[in-house]
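Asks:
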Amino acid sequence: MNEKTKAFYASLHEKLSNEHFPLLYMFKFITPSNHDKIALLTNVFDENAEITLNQSKKGNYTSISARTVMLSPEEIIRIYQKAAEVEGVILL
Numbered sequence: 471m472n473e474k475t476k477a478f479y480a481s482l483h484e485k486l487s488n489e490h491f492p493l494l495y496m497f498k499f500i501t502p503s504n505h506d507k508i509a510l511l512t513n514v515f516d517e518n519a520e521i522t523l524n525q526s527k528k529g530n531y532t533s534i535s536a537r538t539v540m541l542s543p544e545e546i547i548r549i550y551q552k553a554a555e556v557e558g559v560i561l562l
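All the letters of the sequence shown, read from the start, carry residue numbers 471 to 562 under the numbering used here.
#1: So does the stretch 496–506 actually touch the stretch 480–487, counting three or more Cβ pairs closer than 8 Å?
#2: What are the boundary residues of the alpha helix (DSSP H) that includes Leu482?
#3: Less than 8 Å between the CB atoms is what I'm expecting for Ala554 and Leu561, so what's the real figure, rounded?
#4: By the 10 Å Cβ neighbour count, where 16 or more other Cβ atoms means buried, how is Ala536 classified, buried or exposed?
#5: Could you pull out every unbroken alpha helix (DSSP H) segment of at least 4 residues lying fully inside the stretch 527–558, listed in chain order?
#6: Considering only the beta carbon of each residue, do Pro543 and Leu494 sit closer than 9 Å?
#7: Start and end of the beta strand (DSSP E) containing Leu562?
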């Protein structure tokens, strides 16, 4: 993990530490409209997550929103880290 990425996760952890957990949290991602990549991203969530998919007008990209209950800042960061492993994904 490079320094910029470490700084991002440290900043996120600091912001999330001010929240009260458990917390209903919304994750947002953009990925190329590829079934395999969409499946990899949706599989980072458990069966209780409410997942919404929206394709771009031209169909080249898909936005993924997932609402789920998180128990700690560390749990949120783990999901972002897993999602970041998918090539071409943009974390929002």
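Heads up, the beta-carbon is just placed ideally off N, CA and C, and yes, glycines get one too.
Since we're looking at a predicted model, the values are computed, not measured.
Replies: According to the structure data:
#1: no
#2: Glu473 to Leu486
#3: 6 Å
#4: buried
#5: 543–554
#6: no
#7: Neither: Leu562 is in no beta strand (DSSP E) and is coded neither H nor E.
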